[in-house]
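**Q** In this text, residue positions in the sequence shown follow my numbering: the first is 7, and each later residue adds one. Dropping a structure here in structure tokens format, bear with me for questions.
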Amino acid sequence: MTDSPKLRQARTLALEAHADQRYGDQPYVVHLERVVSVLEQFGVTPETSSGEALLCAAWLHDSLEDTNLEATRIEAIDHSRWIWYSASRTKTVRLELRRRNARTRKSRRTKKPWR
């Protein structure tokens, strides 16, 4: 797989932002590499602009919420803001999924199957 300049920038920025962080007992980069690897296993490649943006977002997905990285540094990689938007939405998406799952569980508990 080829590495695009944007992808190299995103990886470098993410590694810089998470330099002193740990993911469990491992350096944080291990988590980021796994996220990128999952996308690659599903055939995402940097050869298309959407694939490139997804891989960049994978590298940067925790950078805004877990580090002091400023959004303008992500925007500098891609002025379309697609990467920035993807990177900034991960926590919001997770919170919304948790809310939906909680509502579903509550709904199932209140329904009585014998009625």
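Even glycine gets a Cβ: it sits at the ideal position worked out from N, Cα and C. None of the values given here were measured: they were computed from a predicted structure.
With a threshold of 8 Å, are at least 3 pairs of Cβ atoms found where one atom belongs to the segment 21-28 and the other to the segment 50-60?
**A** no
**Q** Could you check which residue in R109, D9, K112 and A108 has the C-alpha nearest to that of E46?
**A** D9
**Q** Out of V41, E81 and T51, point me to the one whose CA is closest to L19's CA.
**A** The shortest C-alpha separation from L19 is found at E81.
**Q** Less than 8 Å separating the beta-carbons of V41 and H24?
**A** no
**Q** Considering only C-alpha positions, which residue in the set S69, P11 and P52 is nearest to R35?
**A** A quick correction: the sequence has Val, not Arg, at residue 35. Considering only alpha carbons, the answer is S69.
**Q** Per DSSP, what kind of secondary structure is P11 in: helix, strand or coil?
**A** In the structure shown, the three-state DSSP call for P11 is helix.
**Q** Give the straight-line distance between the Cα atoms of N74 and F48, rounded to the nearest whole angstrom.
**A** 31 Å
**Q** Three-state secondary structure (DSSP) at Q47?
**A** helix
**Q** Starting from E81 and walking both ways along the alpha helix (DSSP H), at which residues does that stretch end?
**A** A77 to E81
**Q** Less than 8 Å between the beta carbons of C62 and L21, yes or no?
**A** No.
**Q** What residue does the alpha helix (DSSP H) around D72 start on, and which one ends it?
**A** S69 to D72
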